[in-house]
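Quick note on our numbering: the sequence shown kicks off at 1 and runs consecutively. Below is one structure, written out as structure tokens; the observations come after it.
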Amino acid sequence: MYNRWAMKKLLSKLIQAETTADKGELAAAEIISAELGRSGIDSRIDSWDGTRANIISQIKSTGSKGALLFACHLDVVPAGEMNWKNPAFAAVESDGKIYGRGSADMKGGIAAIVTAIGEIIDSGTKLQGDVILFGAAGEETDSCGTKRFVHDSGGLPKLAGVVLPEPTDFEIITAHRGMLWLKVETFGKAAHSSTPHLGVNAIASMRSVLNELENFKIRFEPHELLGECSMSINTIVGGEAMNIVPDKCDIGIDIRTVPGQNYQDIIDDLHKIFAKLKQKNPQFEAQVSVVREVGALETDSRCNFVRDFCSAVDINETGAVGFTTDGPYFASLGAPVIIFGPGKPQLAHKPDEYIDISDLKKGVEYYKKVILKFLT
Ligand SMILES: [Zn+2]
């Protein structure tokens, strides 16, 4: 009954759909919709801006048990500047692996869960709780798809739990750090650079911000699983020409947070730095804005959902990961969230990303066990 060929074909089509933020997710949503349609399962594609898309498929049941939400993301990061052995979006199969951008993160997981759902429906199994498959746009950029889904989640049935089929190499992940991306801008006054005293140099202002940030300590309590909060200044842009005093400069700061941190506190502390610098130099002008924020994820690993999940897949340990997901948005629906899927997390976002075909197969078996455990 298990159709290995169909699953590989599905994964190949998803990789070839090249769902970067530029190209959008619509093609992948249509591929999944067609695949589920072969088992008579209806899907709804929520599309906007021409190419952006979410897909939602809810398989109705008797409803006597809480529903399971499998939450995926359809988008991928770009192929990057580095050379790939095989073209990044060709989905080449060799040595038992399928290569391509998104093979691990996370189209392999999508292929496995879509196949698992199709098989369960094809077998005629009667479900007592709904299976909901969600595929989001924009997880790698701004979480636009998941925010849209959560915002419109009023009609969802009561959820037993949420599973993110992200690449964890079949580790059960219940926690990750959050992420706060900030843009700090300094403003000056342009002038001809032969008379710099007539201007205000925004790059010089940024230098004083950078000096302050050197000693800036973000307040946090270390977390037993996730460790410490970190901060890294990763971009800087300023100046227009060699002979103009720059009137603008900005930096991008990536802060990885642990549970319990209040993002507004961090922003308030930066405002205090600006006020101090303005006191020293009245011409100093700066502002900070939030580019992206995702909360930390912390699911109680002793809750019933996690315990039952562990027993369904027969894996007893849970853990934490360094990367972030849309998980905290789903946690806001009031359901426990687990990240669990095929593929090696260290291959995500790298050249020559691949997934082992044997892991896809294992993924299907695990997801079937999970659905049967919770919904029959
Ligand atoms: Zn991912």
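Where a beta carbon is used, it is the ideal one built from N, C-alpha and C, also for glycine.
- Would you kindly work out how many angstroms separate the C-alpha atoms of D268 and E221, rounded to a whole number? The residue you call residue 268 lines up with position 268 of the sequence shown. The residue you call residue 221 lines up with position 221 of the sequence shown. Straight-line Cα distance between these residues: approximately 18 Å.
- Task: Any chance you could list the residues with Cβ under 5 Å from a heavy atom of ligand 1, keeping chain order?
- Result: D105, M106, E166
- What are the boundary residues of the alpha helix (DSSP H) that includes F309? Here the question's residue 309 lines up with position 309 in the sequence shown. Note, F309: alpha helix (DSSP H), 304-313.
- Message: Given a cut-off of 8 Å on the beta-carbon distance, is the pair S39 and D122 in contact?
- Response: As a first step, residue 39 must be located in the sequence shown, where it is residue number 39. As a first step, residue 122 must be located in the sequence shown, where it is residue number 122. For S39 and D122, yes; Cβs fall inside 8 Å.
- Message: Out of Q346, K344, A348, T325, which one is the CA nearest neighbour of I424?
- Response: Nothing can be reported for residue 424, as the shown portion of the chain is limited to 1 through 376.
- Message: Just to confirm the assignment: which complete beta strand (DSSP E) runs, minimum length 3, are found wholly within the segment 201-260?
- Response: 230-238, 248-257
- Task: Specify the secondary structure class of T115 as computed by DSSP and reduced to three states.
- Result: As a first step, residue 115 is located in the sequence shown; it is residue number 115 there, counting from the start. Helix, per DSSP.
- Residue range of the unbroken beta strand (DSSP E) whose run includes A90: Indexing the sequence shown from 1 puts residue 90 at position 90. Neither: A90 is in no beta strand (DSSP E) and is coded neither H nor E.
- Extent of the continuous alpha helix (DSSP H) run through R44: Locating residue 44 in the sequence shown gives position 44, where the first residue counts as 1. In the DSSP annotation of this structure, R44 is not part of any alpha helix (DSSP H); the continuous beta strand (DSSP E) holding it starts and ends at 44-48.
- Task: Report the residue from A175, S103, S208, D254 whose alpha carbon sits nearest the alpha carbon of Q346.
- Result: Sequence index remark: in the sequence shown, residue 346 carries index 346 (1-based). Minimum Cα-Cα distance from Q346 among the listed residues A175, S103, S208, D254 corresponds to S103.
- Task: Could you check the C-alpha separation between L180 and A320 for me, to the nearest Å?
- Result: Reading the sequence shown from its first residue, position 180 is the one you call residue 180. Reading the sequence shown from its first residue, position 320 is the one you call residue 320. Their Cα atoms are separated by approximately 19 Å.
- Task: Decide if the segment 277-289 is in contact with the segment 224-243; the criterion is three or more beta carbon pairs, one per stretch, under 8 Å apart.
- Result: no
- Per DSSP, T318 forms a beta bridge with which residues? Against the sequence shown, residue 318 aligns to sequence position 318. T318 pairs with I172.
- Query: Three-state secondary structure (DSSP) at M106?
  - Reply: Position 106 of the sequence shown holds residue 106. Here M106 sits in helix by DSSP.
- Task: Starting from the Cα of K368, find the closest Cα among D314, W48, G260, A53 and give me that residue.
- Result: Counting from one through the sequence shown, the residue named residue 368 turns up at place 368. If we check each option's Cα against that of K368, D314 comes out closest.
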